[in-house]
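Residue numbers (this note's numbering), protein chains in the order written: chain A, 246 to 649; chain B, 246 to 649. Even glycine gets a Cβ: it sits at the ideal position worked out from N, Cα and C. Written below as structure tokens is the structure these notes are about.
2 protein chains.
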Amino acid sequence: MGLIVQKFGGSSVKDRECLFRVAKTVTDTYKAGNEVIVVVSAQGDTTDDLIEKAKEINERASKREMDMLLSTGEQISIALLAMAIEKLGFPVVSLTGWQAGFITHSNHGAARIRRIEAERIRRELDSNNIVVVAGFQGLNRFGDITTLGRGGSDTSAVALAAALHADRCQIYTDVDGVYTADPRIVKNAVKLDEITYDEMLELASLGAGVLHNRSVEMAKKYHVNLEVLSSIENKPGTIVKEAVKVEKLLIKGVAKDEDVARIALIGLPDTPGIAFKIFSLLAAKKINVDIILQSIGRHNTKDISFTVPLADKDIALEVLQEKFEILGAERIEAEDDVVKVSIVGAGMQSNPGVAAKMFEALYDANINIQMISTSEIKISVLIARKDADRAVVAVHDAFDFNQK
Amino acid sequence: MGLIVQKFGGSSVKDRECLFRVAKTVTDTYKAGNEVIVVVSAQGDTTDDLIEKAKEINERASKREMDMLLSTGEQISIALLAMAIEKLGFPVVSLTGWQAGFITHSNHGAARIRRIEAERIRRELDSNNIVVVAGFQGLNRFGDITTLGRGGSDTSAVALAAALHADRCQIYTDVDGVYTADPRIVKNAVKLDEITYDEMLELASLGAGVLHNRSVEMAKKYHVNLEVLSSIENKPGTIVKEAVKVEKLLIKGVAKDEDVARIALIGLPDTPGIAFKIFSLLAAKKINVDIILQSIGRHNTKDISFTVPLADKDIALEVLQEKFEILGAERIEAEDDVVKVSIVGAGMQSNPGVAAKMFEALYDANINIQMISTSEIKISVLIARKDADRAVVAVHDAFDFNQK
């Protein structure tokens, strides 16, 4: 008995059969005596189809009009899901982002949620309605429709759970929980019953692909009780919650991130302020730099290399080429046939043997490490793209995940 | 130089080519120094496709959720048209029905417009933007999206023109104006340069199909300067305006209405109040009754026959069958292989020869008249469906439309 927010992604509502499967899950939860809010994404390929339509008209359409267009995708989903729930005989009402009270910042295409004015939803829940809400969208202070960008629907669900003090926020996906590695790559990957927000954050940002990190960050900030579970099979998923005191090292998983390119500036003058210049240029273009490596070159020069998201590679190169002479580098190199493989788990710092164990596993598999980065709860290495899956398997095998 | 509202239907925005043709018309009007508001419908078959989608899920989906679903159709249109206008290099903003301030009554699927809160549109015009508005939709006092039902986009355009005191409201269609008869049936049909609101109302409600009568009624009420013109050819259309004093008879056109069924109650007792009982039963079901004919039967009985829209035939029959014994009729007949053919024009009453001329034309063509109805500005006859097109041609030939 409580208030439960359930979120279903695009593939979970893609056709009639899927919609009724979701309707069944939702109404079962309602029948058990809960108040239920359901957040849904656009059906299947709808968003991609709409983007295609827009491109036919105008490759450089304004982001405001793109949001106007794309937000119809979720609006179609909520109406159809509400109709399916009506068909099963339950009271239901669908709400768009603006009807649900999502007030966002004004930047179209990647708006952040400012607040949720939840009176309408509260009123509908009080009228015993199941409330179906369009994820991914909101309204800015100009009264214009915005979209939240990647991972937006997860974020919508967590934000609603936070605003309405929901007892649980359930994210239904096409996997049945969070695994120690991608089960498609590592056969003996193990499903985790629990994971901390911080560990989930590292896994999410490393490309584990189950939850977007924006939603996990928000869940952590507002102490939202999060659960990742299967939209197909009816069994418990993985609970994401506050960190608990760890007694021993717990490696929670191995993640692979393919959205990465490496850029290297070779033969920079060995003078102070060079790194500052480079990274402030990139920051001005809002490019996220991840692993950074600086090494001494020959003849009083140094080399700086770093990774950026694939989509930012060309802009980063452009910016650096422009200032090439000021920076004084001999040359710039870029490559995108690299991936990042990481292990994630609390207690990493107090267990110095972990990194060694990971590197040994890669050495045994004859995989060359190009860059290394570590944090309190993760160790990442950059390796050749062709070695990615072998690396994940080798590292996963090196740690005994069945000990959990 | 002025404020112009332009409305384009679904077939005028159905694909890339059409959207750019509309964008050209709109931006030409803007370049000429006008403020421009564009009202558009959903693209081509979008609305039908969405209805089909809904039916797959739930044949009896609530009207509220249908409106939530269908309103996405125009939202897609406005975004794409705005993108096309952006592509041509003009400042533009698209607005949904609720953003444009359309406040409607609450009845979903056939909501009437209560008022337009035009601040947002006014602000956008003042910022020199072309404003693209979603027709057919609004918001009710519960904050829910409504649709206006058939002819809704025409009505949206006229309502905007009225609210903003536009200098002209141009309705672009796939014909280039209002004709004296359907040009597909009558080869020598003539395009009218001008027509009065009342004449247009009769033509619209008689199935001439160019403008929906709701929009004409509103134009009449608020003195909106209306123009019907072609979305394809660039030439003057037909102006719809206030009646002017007519010196001589002006038959404006011949219209055919196929959306009609005839119901007859045979052998009713010849007592007072029978007609009242019948028509209040039908009124309670909101069935519009058109031509009514009462004739004396044999043995102190009478027969009453009348026409209803095709879609209401079965409900009308059901209602009457239920009260069959109370009404005391011998039997009920219904037929739907009938059509209504009408001539429309001011000055009908002061020219008694007009009806005779029409009936003579039908007699010469050997077409049997089943029912007759007349008003100040029209004469309608009910005839067999098979004779419809021959009747339109015959009546059109009897009047000399080139005299105008």
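- The three-state reading of DSSP puts Val564 (chain B) in helix, counting H, G and I together.
- Within the DSSP bridge table, the entry for Lys252 (chain B) names B:Val284 and B:Ile416 as partners.
- DSSP places Phe524 (chain B) within a helical segment (H, G or I) once states are collapsed to three.
- For Glu439 (chain A), the uninterrupted beta strand (DSSP E) segment begins and ends at Glu439 to Thr441.
- Taking every protein chain shown into account, the CB of His641 (chain B) has 16 or more other CB atoms within 10 angstroms, so this residue is buried.
- The bridge partners DSSP lists for Ala506 (chain A) are A:Val553.
- Counting only the Cα atoms, His350 (chain A) lies some 23 Å from Ile282 (chain A).
- Three or more beta-carbon pairs separated by less than 8 Å link the stretch 310-328 of chain B to the stretch 267-285 of chain B, which places the two stretches in contact.
- Within 10 angstroms of the beta-carbon of Gly318 (chain A) lie 16 or more other beta-carbons, which makes it buried.
- Exposed is the label assigned to His468 (chain A), since fewer than 16 other Cβ atoms lie within 10 Å of its Cβ.
- Taking 9 Å as the Cβ-Cβ cut-off, the stretch 285-309 of chain A approaches chain B at Leu295, Lys298, Ala299, Glu301, Ile302, Asn303, Glu304, Arg305, Ala306, Ser307 and Arg309, given in chain order.
- Taking CB atoms only, Gln320 (chain B) has a neighbour in chain A less than 7 Å away.
- Buried is the label assigned to His353 (chain B), since at least 16 other Cβ atoms lie within 10 Å of its Cβ.
- Relative to Arg261 (chain A), the option among B:Ala639, B:Asn303, B:Ser620 and B:Asp535 whose CA is nearest is B:Asn303.
- Per DSSP, Phe569 (chain A) lies in no beta strand (DSSP E); the unbroken alpha helix (DSSP H) holding it starts and ends at Phe569 to Leu572.
- Boundaries for Arg429 (chain A): no alpha helix (DSSP H) harbours it, and the DSSP string shows neither H nor E there.
- Listed in chain order, the non-local C-beta contacts of Leu572 (chain B) below 8 Å within the same chain comprise Leu510, Leu513, Ile519, Lys522, Ile523 and Leu565, local neighbours out to five positions each way being set aside.
- Counted as a single uninterrupted DSSP element, the stretch harbouring Ser307 (chain A) is not any alpha helix (DSSP H), since DSSP gives it neither H nor E.
- In the DSSP assignment, Val485 (chain B) is bridged to B:Ile440 and B:Leu471.
- DSSP places Val534 (chain A) outside both helix and strand once states are collapsed to three, so it counts as coil.
- Each residue's CA atom was taken as its position, placing Lys298 (chain B) and Val377 (chain A) some 18 Å apart.
- Ranked by how close their Cα comes to the Cα of Asn613 (chain A), the residues A:Lys568, A:Ser620 and A:Val586 have A:Val586 in first place.
- As summarised for the stretch 350-411 of chain B, the continuous alpha helix (DSSP H) elements at least 4 residues long and confined to that stretch are 364-371 and 397-408, given in chain order.
- Residue burial is scored here from C-beta neighbours: Gly255 (chain B) has at least 16 other C-beta atoms within 10 angstroms and is therefore classed as buried.
- Comparing alpha carbon positions, the residue from A:Arg359, A:Phe387 and A:Asn458 closest to Leu471 (chain A) is A:Asn458.
- Taking 7 Å as the Cβ-Cβ cut-off, the stretch 363-386 of chain B approaches chain A at Arg365, given in chain order.
- With fewer than 16 other Cβ atoms inside 10 Å of its own Cβ, Tyr608 (chain B) counts as exposed.
- Ranking A:Glu331, A:Ile628 and A:Leu538 by CA distance to the CA of Lys300 (chain B) puts A:Glu331 first.
- Of the other Cβ atoms in all chains shown, 16 or more fall within 10 Å of the Cβ of Thr400 (chain A); this residue is therefore buried.
- Listed along chain B is no residue with a C-beta nearer than 8 Å to that of Met445 (chain A); the closest approach is about 34 Å.
- Judged by DSSP in its simplified three-state form, Gly512 (chain A) adopts strand.
- Here the alpha carbons of Met246 (chain B) and Ala277 (chain B) stand approximately 7 Å from one another.
- Proximity of the stretch 403-423 of chain A to the stretch 434-442 of chain A meets the contact definition, three or more beta-carbon pairs being nearer than 8 Å.
- CA-to-CA, the gap between Ser316 (chain A) and Asp559 (chain A) works out to about 29 Å.
- The alpha carbon of Ala268 (chain B) has as its nearest neighbour, out of B:Ile366, B:Ala407, B:Leu393 and B:Tyr417, the alpha carbon of B:Tyr417.
- The beta-carbon of Arg630 (chain A) is placed no less than 7 Å from the nearest beta-carbon of chain B.
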